[in-house]
Each structure stands twice: as structure tokens, then as C-alpha cells.
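2 protein chains.
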Amino acid sequence: MSTEENLEPKSDEMLDDRKKRILCAVIRNYLETGEPVGSRTISKYTDLNLSSATIRNEMSDLEEMGYIVQPHTSAGRIPTDKAYRLYVDSMMEEKDKEINELKGLLLETEGKMDTMLKNVAKVLANNTNYATVVSSPMVRGNKLKFIQLSKVASNQLLAVVVVEGNVIKNNIINISEDLDDETLLTLNLLLNTHLNGMALEEINLGMIASLKAQAGIHGDIVGEVMDAVADAIKADEELEIYTSGANNIFKYPELADHEKASQLITTFEEKQMLSQMAAMSIDKEETGIQVYIGDEAPVGSMKDCSVVTATYDLGDGMKGSIAIIGPKRMDYEKVVGTLKTMKSELETAYQKKDK
Amino acid sequence: MSTEENLEPKSDEMLDDRKKRILCAVIRNYLETGEPVGSRTISKYTDLNLSSATIRNEMSDLEEMGYIVQPHTSAGRIPTDKAYRLYVDSMMEEKDKEINELKGLLLETEGKMDTMLKNVAKVLANNTNYATVVSSPMVRGNKLKFIQLSKVASNQLLAVVVVEGNVIKNNIINISEDLDDETLLTLNLLLNTHLNGMALEEINLGMIASLKAQAGIHGDIVGEVMDAVADAIKADEELEIYTSGANNIFKYPELADHEKASQLITTFEEKQMLSQMAAMSIDKEETGIQVYIGDEAPVGSMKDCSVVTATYDLGDGMKGSIAIIGPKRMDYEKVVGTLKTMKSELETAYQKKDK
DNA sequence: TGTTAGCACTCAACTTGTTAGAGTGCTAAC
DNA sequence: GTTAGCACTCTAACAAGTTGAGTGCTAACA
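Line by line, the protein sequences are chains U and X. In this text, residue positions in the first sequence follow our numbering: the first is 1, and each later residue adds one. In this text, residue positions in the second sequence follow our numbering: the first is 1001, and each later residue adds one.
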């Protein structure tokens, strides 16, 4: 072990215990204060009884290894992304106990998925003082459950498409010719017998053509219905996004200057990037907690932030994502803990609602 | 006329033509530059050939009357809210011609109401460099058009409620007992014959009770359907809000400090205040353009802004609101003009879509 | 060999003083 | 009624000096 020093610096393993403790102290202190931390502070407020001079030597080493930097000479050190990475991966202890009264209450109140998720976002933002993004669940491997055409006016049909997971989509179809009830019934039968239970991916052009043929003179309507189905699929892929606490970024000077704030706010307003981010996070398939630090962040405007995401799983392949966005010096321990608790709260709240 | 000077200063009428022109020049100049404007500037850049000293005397008067103020002694003057009010009411000429290519294009592309309004917000934000809020149309005096129950699973019904204006609402109803198709048909018939064409306000508890009685053992289901109807009404009252360009506030230093920006962003994120604002604006019933300056603004967080709203009318009592939020020194002429054009573009685009 | 005290040095941040310029109000002359 | 001139005010920008936190280095110590 000790003879491996001639190898290239393999960072992690090069850190002896003392260096680790010093680095950890620097990080912890910086997370709290947001100010560069100097050798004297470390020397005073840690149990390892070392003079500031010794600490200085060690810090000099740590800087060389790329864990800390000075904003300018004669300032204290601040952690680099690399240090945060190490901290998140192997140094922090989660504060799992962070259960807050609110949650239970808020989740039970409504059976509605959207208000539920909106509340999740709001509670998280209030509890953490960071910005939060919650996505609606994405449903995978969806099967068509039910299709129905109804006449709402002489020249208008209503097409209702229900997909597994009870995602419902309506489309109003304008028709030129009036349809009698029998034809409508036939069409409904035709559509349901052929399409029910079908996975969305299985519906292709050939099938549509065949249906159209069978519908005879009403082929056009089938075409329109298939458009409605296509819409249902698309709507399903576009995740709903609920955000809260975007204003929290103003609490962190490193994010609050006009340029950065403006970009972040735009991202939050347009939601589309957030939707992609959520989709990515869900696709990762790891059900655990994911931490993106600085440049690792999935969205450009967040390159000065850290993003912590969790994937929740409501069963039936319904998975969604919860993300917390804050400054790189966010309280990772608290955030990860809170997110874990919230994830499980959400999942159990949904199970309960179900029965 | 000239002998009325002994009356209390009745502001507007006290302003002789020269004062008006000077005030107008001050306002115009300040709108452009955002800097306090001094007497020399006015003396130079107006056609009334007066020395700066004369202008100074006049400006001193105008200050006394409350139209302009100095941020500090030995600075130029800036207009007060009172001045803006006068300007908006009687001095400005709208730049009605401000028609921008984009509009026509964007509006036609989609038949979808929501994307259409989203686009309106986006185009306005891009064109004006202010923040925009567009509400979905509020439908008044709504009548029920169509109700349908369908079986999607052995223990689940789907209730579809269509309201005039083609607002569609779905509810999944969990039932304990299985229903055969005939019963379903009877229920559908019962609901439709009694409720179709009924205004939402007319549906009261007595009617619901009577329906329940007629439904016999399936009274519970009727109850649930009525809940779905209630939902449809509520969903209809809650206006959808589309925003764009919230980040534009950072372009105006007077709005961009942390405190104000944070409040504005929160308002834009939570949308609920904006929804109320839209509702208010629609209720005003005046179909024209409304300008709120500073404290007049309908929302607290906008007290340092000006808000210009327009009400669009799609016929059938469907009215919505478009609002532009910017600094008090916004380009009122352009905004009012653009808003008028957009209002009519939107209305005609909708008519076209209809046929 | 690792640790420590001491010292010179650096640099941001704050304080103070100075200056330049824009703008005003007032007065006296036109 | 209008204007030129002048003294005055106040901000913004800059320069210079001061303070304090923090460092790196060296020499002494265990």
C-alpha cells in the first residue's frame, strides 16, 4: 500500500485519514457559511488537535490534488466539484429522520394526482429552501383500455380514449355527414374489438389502413380517431411538470445574479427542459437518489447548481421524478434524507388511495 | 379662463399647452432612457425654442403639481404615477401599425386552444420584452351538453361531461357492484334527458335528489356523476394561465432587485394570483384596453410595475384576458398597440378555425 | 520526520478624500 | 415673460490609505 505512491495520484485512495477529515471539515464549514474557510477555523473547530500551520500544509496538498481552491490568494479555500462528489459519495451521513408533519396531512387530503404532486413540490420547497420540480408519472408499455365515440352535436363527435393507468384523452372531431346511432355503434364495436388491450407501440399504419377499410365509407372518422389515439400517446409522453420555490434561488448569491437567475427562471417557466430532465432521470432506471453536481447537471442553465433527483414508483410501471435544485453548497445530507422520506411517503400515500 | 387661477389646482386643466408639451417631453425621454431628465435636454431636443432656464421654471411648477419628482437634489426629474396616468389617458398616440409577421403564422398552425394561447404569450413576450400572462377563456352561463357513463373495467366507470364551449371533463368512478349494459344505458338516458341543455347554475340539490330517487339502487352512482359535473364546473371557473417572458423583468433594474424579483417570480410561478387578476379583468366587462399604473396594479407584487390588460372575446360568452407586465416606464404606445392587434388577430384566428 | 511558532507577504474590502459633471434655484438684466 | 450667469448641491467615479484574514515559508522543536 504505502509503496504505491509512485503511481499517478489516484485521488481518493491517496487521501489518508487526516486529509479526509480536514477536507470534510472544510466542506461542512463551507456548506454552512458559504464563506471561504481558512486554516485557523479548521484548527479550532475540529477534534483533531493540530495547529493552523499543519492544517495549512495539508490544505496545500489538498489544493494540489484538486479538492479545494482559493478564490484569490490570501483567502480561505472552497471545495471544488470533485470534493463535493467525494463528499456525496462517501463522506456524508444522511439525516433520514427529517420527517415533517406536513407531508402526511397534505398527501391524504386529495385523491387527485395533480394536486397531490403540486403539494409535494410545495412542501419540499418550503422545507428545503431550494427549488423543486415534480413530474407526473410516466406510464410505460401502455395498453389501450377503452375507446368510445359519442355524438355531441349533429356535426361533432367526441372521441374518448382511455389508456391503462387511467390516462384519459378527449378529442372533438368535426364531421361533415351526420351519423346515425347504429353506424356509431358499429364503429365503436369495430374500434374496441380491434384495439383494446393493444400496446400503443403495436398500432401501426398497416393496422390503421385495415381498420379504415373495414369502416367503409366512414374511414375518415377512423383516421381521426387514430389521431386522437396518437394524441393520447403524445400527451402521455409529455410529462406534466409541477414546480415550486423557484424564487428560492434568490437566497443564494452565487445563483442570484441577473444572468444566471434569468436563465434559471426561463427554464422553470418553459418547463420543457424540466420535462426532459425528468424523463432522463426516470429512464436511468436506478430507483435510488441521483446527485448531479455543477457541470454534471442535466440542463445547461443549472451548471452552477446541484440537482438531486429521486424516482418514485407507483406500481404498474408508473414512475415519476422529484428533483431539488439548489446551489452547489446545498445541504446534501438534508436534501437526500428528505427526498428519500418524501419518495416513500408519496408511494405509500398512493397505495392507500388505491384501496 | 384666465381668471380661474384662484380655484384649487385642478391638475389636468391647470396645465397650459406649454406645460403639457414639456411634461410630455420629460415622459417620452424618460421612457426611452430610464434616466432622470434635466432641463437642458428638454431645451435642446424639442421644437419649442426655450432656454433651459425657462424649462427649469416650468419644471419647478410641474413638480409642485405632482407630475414629476427629483430622485435627489441636483438630479433631473422623473415622472410620477400621476404623470403616467395623464400620459396614458390623453397624451399618447398608439402605434397601431405594430403588426408582426409571427402572429399570423403562429396562430394558424394549431387548432388547439392551449398551444394557441401559449403561443400568444410567447410572441407577445418576445415582441415587447415584457412579461406576459394569457388566460384561457372563461365561459359564462354554461349549459351542459352531454353526459356519458362508460364501463372501462368491471369496477370502474368513466364519466364524461361536456359543457357548452366544448369543455370536457372526465372522472373515473370506482363502483362496488358490477353494472350490466342495460342498466348503464338506462342511467345514461336518465342523466341526459334530465340534464342536457341545463345551465350549470340550475342544477341544485333538489334535482339531484330526484335523480337519485329515479335511479333507484344506483343512486350512489348518480351522486358520483354529479360530483363529476361539479368538477367540470369548477375546472371551468379556474382559468388556465399561460405565462411567458417572466425573465424579462431582469432587463429593468427598477424591478430586478432581489426582493421585487423574488415576489414577481413567485406570483408567476404560483399562477393563482394571475388567475384572479385575469378573472377581474374579464369581469370589468369593458372590452377595451385597461392600464394599471403602479399602485393601481391588481396584484401586490406588481406595485412597481405597470400592467396593461386586454380582454378577448371569442363569442358564445367566451372571454379571456391578455396582460403585459413591465416597468412603469414601459413603452405604453407600443404595448397598447400590440395588444390591440393581438386581440383582434386572436379573435379572427379563432373564428377561422371554427369553420 | 512530523509538528509548530513566527514572520513577511498578499489581497479583498472598507474608509476616506478628492474631483468632475450634471443639474438645480435664484437673481439680475434684457 | 424670457434668458444668461452664477453659486450651490449631490452623485458617481476614482485614488489612496487602512485593516484583517489568510497564506507560504523557514527555522526550531520533539
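Virtual Cβ for every residue (Gly too), placed ideally from N, Cα, C.
Problem - Secondary structure of tyrosine 1045 of chain X, DSSP reduced to three states - result: coil
Exercise for the section: Would you check if the segment 1305-1316 of chain X and the segment 1284-1292 of chain X touch, i.e. whether three or more CB-CB distances between them fall below 8 Å? Expected result: yes
Handout entry: Closest by C-alpha distance to alanine 323 of chain U, when choosing among U/Glu164, U/Val133, U/Leu149, U/Glu202
Key = U/Val133
Exercise for the section: Taking C-beta pairs closer than 7 Å, name the residues in chain U that valine 1299 of chain X reaches, listed in chain order. Expected result: Those within 7 Å of valine 1299 of chain X in chain U number zero; the least Cβ separation is about 15 Å.
Exercise for the section: Return yes when the Cβ of leucine 1023 of chain X is within less than 7 Å of the Cβ of leucine 1048 of chain X, no when it is not. Expected result: no
Problem - Selection from X/Glu1201, X/Ile1241, X/Leu1239, X/Glu1182 that minimises the alpha carbon distance to alanine 1215 of chain X - result: X/Glu1182
Exercise for the section: Figure out for me which residue from U/Ser60, U/Ser43, U/Ile265 has the closest Cα to the Cα of serine 52 of chain U. Expected result: U/Ser43
Exercise for the section: Using only alpha-carbon positions, find the residue among X/Val1161, X/Lys1151, X/Asn1196 that is nearest to aspartate 1178 of chain X. Expected result: X/Lys1151
Problem - Minimum length 3: unbroken beta strand (DSSP E) runs contained in the segment 202-274 of chain U - result: 241-244
Practice task
Kindly indicate the opening and closing residues of the beta strand (DSSP E) around isoleucine 22 of chain U.
Solution key: Element bounds for isoleucine 22 of chain U: not the beta strand (DSSP E) but the alpha helix (DSSP H), 17-33.
Exercise for the section: Excluding the 5 residues preceding and the 5 following glutamate 333 of chain U in the sequence, name in chain order all residues of the same chain whose CB lies nearer than 6 Å to its CB. Expected result: Met92, Glu94, Lys95
Exercise for the section: Taking threonine 1266 of chain X as the query, report the chain U residues whose CB atoms sit under 9 Å from its CB, ordered along the chain. Expected result: Gly245, Ala246, Asn247
Problem - Per-residue burial, glycine 1066 of chain X [other beta carbons within 10 Å of its own, 16 or more giving buried] - result: exposed
Handout entry: Backbone CA spacing between asparagine 170 of chain U and leucine 274 of chain U [nearest angstrom]
Key = 25 Å
Practice task
Tell me, please, whether the CB atom of lysine 145 of chain U is closer than 7 Å to any CB atom in chain X?
Solution key: yes
Exercise for the section: Check whether the Cβ atoms of tyrosine 87 of chain U and isoleucine 293 of chain U sit closer than 7 Å, and answer yes or no. Expected result: no
Exercise for the section: For proline 71 of chain U, I'd like the list of residues in its chain whose CB is within less than 7 Å of its CB, leaving aside the five on either flank, ordered along the chain. Expected result: Pro36, Ile78
Handout entry: Rounded straight-line distance, which links the Cα of glycine 1320 of chain X to that of leucine 1239 of chain X
Key = 9 Å
Practice task
Name the two residues that bound the continuous beta strand (DSSP E) containing valine 133 of chain U.
Solution key: 131-135
Practice task
Closer than 7 Å by C-beta to lysine 212 of chain U: which residues in its own chain qualify, once you throw out the five before and the five after it? Chain order, please.
Solution key: Gly219, Val222, Gly223
Handout entry: C-alpha distance - valine 1026 of chain X paired with aspartate 1331 of chain X, whole-angstrom precision
Key = 14 Å
Problem - Residue nearest to proline 1137 of chain X in terms of C-alpha spacing, selected from X/Gln1148, X/Asp1114, X/Lys1145, X/Thr1128 - result: X/Asp1114
Handout entry: is_contact[glutamine 276 of chain U, chain X] using C-beta, thresh 7 Å
Key = no
Exercise for the section: Can you tell me the Cβ-Cβ gap for threonine 338 of chain U and leucine 124 of chain U, rounded? I've got them flagged as a contact below 8 Å. Expected result: 7 Å
Problem - Distance between alanine 153 of chain U and aspartate 180 of chain U (C-alpha atoms, nearest Å) - result: 12 Å
Handout entry: Euclidean distance between Cα positions of lysine 1019 of chain X and lysine 1303 of chain X
Key = 28 Å
Problem - asparagine 1057 of chain X in three-state terms, based on DSSP - result: helix
Exercise for the section: Quick one: grab the DSSP three-state call for threonine 80 of chain U. Expected result: coil
Practice task
Rank X/Lys1234, X/Leu1190, X/Leu1117, X/Ala1131 by C-alpha distance to the C-alpha of alanine 1256 of chain X and give the top, closest one.
Solution key: X/Ala1131
Handout entry: Span of the alpha helix (DSSP H), counted from its first residue to its last, around glutamate 195 of chain U
Key = Here residue 195 of chain U is leucine; the residue named in the question, glutamate, does not match the sequence. Taken as a continuous stretch (DSSP letters only), the alpha helix (DSSP H) holding leucine 195 of chain U covers 181-195.
Problem - Between the CA atoms of methionine 1116 of chain X and glycine 1345 of chain X - distance to the nearest angstrom - result: Note that residue 1345 of chain X is glutamate in the sequence shown here, rather than glycine. Computed Cα separation, rounded: 11 Å.
Handout entry: Same chain, Cβ closer than 7 Å to lysine 1271 of chain X, neighbours up to 5 away in sequence not counted
Key = Ile1241
Exercise for the section: Could you tell me whether the Cβ atoms of alanine 1121 of chain X and serine 1244 of chain X are closer together than 7 Å? Expected result: yes
Problem - Span of the beta strand (DSSP E), counted from its first residue to its last, around threonine 1311 of chain X - result: 1305-1313
Handout entry: Proximity of leucine 191 of chain U and isoleucine 147 of chain U at Cβ, strictly below 7 Å
Key = yes
Problem - Delimiting residues of the alpha helix (DSSP H) encompassing valine 120 of chain U - result: 113-128
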